[in-house]
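Trainee: Got a structure for you, questions after.
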Amino acid sequence: MAKSRALHWQEPETINCSQCDGSGEFRGMFSSGPCAMCDGTGLVGEDGEPLPREDLLAMMRRQRDRLAEQLDGARQHYQRLLHTPGVRDALAAERARQLEQQQRDDMALRKRLRGG
Ligand SMILES: [Zn+2]
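In the numbering used here, the protein residues as written are 9 to 124.
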């Protein structure tokens, strides 16, 4: 029998797996590993039942694509910021300030350790 496929696949609604509390990890007394109830995803269907593997795979692929897009957006935002006048100078000044503060803290710590 051929599998019937929905014309428009929809991501199933999910809740956190009650077995692993959404962590996806099984932690036993002597062993640990992916939660068997949720296949290590931390998610189950709204009814609390495990999701079909084909849905999980499609969800993971979509999530991967979404994250890649977000990362790309963040990179572009960062690049634009770096090209905004004054931002590079402000970053350099902040780094110098942090370095100075670190050196002051180190000196103070050394002094304290010497018992001064
Ligand atoms: Zn689980």
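The C-beta atom is built at its ideal place from N, Cα and C for all residues, glycine as well. Predicted, not measured: the structure shown is a model, and the values here were computed from it.
Looking at the structure shown, is GLY36 part of a helix, part of a strand, or coil, going by DSSP?
Mentor: coil
Trainee: Exposed or buried, GLU21, counting other C-beta atoms within 10 Å across all chains shown (16 or more means buried)?
Mentor: exposed
Trainee: In this structure, how does DSSP classify GLY53 when only helix, strand and coil are distinguished?
Mentor: strand
Trainee: Determine which residues share a DSSP beta bridge with CYS93 and list them.
Mentor: A quick correction: the sequence has Pro, not Cys, at residue 93. In the DSSP assignment, PRO93 forms no beta bridge with any residue.
Trainee: Would you call the region 46 to 64 and the region 29 to 38 in contact, with 3 or more CB pairs under 8 angstroms?
Mentor: Result yes; three or more Cβ-Cβ pairs closer than 8 angstroms.
Trainee: List the whole-angstrom C-beta distance separating LEU59 from GLY53, where the pair is believed to meet the contact cut-off of C-beta under 8 angstroms.
Mentor: 5 angstroms
Trainee: Give the DSSP-derived three-state secondary structure of ILE23 in the structure shown.
Mentor: strand
Trainee: Please name the residue, chosen from LEU121, GLU102, TRP17 and ARG120, that lies closest to MET67 on a Cα-to-Cα basis.
Mentor: TRP17
Trainee: Hey, is GLN27 close to ligand 1, as in C-beta under 7 angstroms from one of its heavy atoms?
Mentor: Correct: GLN27 has its Cβ closer than 7 angstroms to ligand 1.
Trainee: Taking the alpha-carbon positions, what's the LEU107 to ARG83 distance?
Mentor: 26 angstroms
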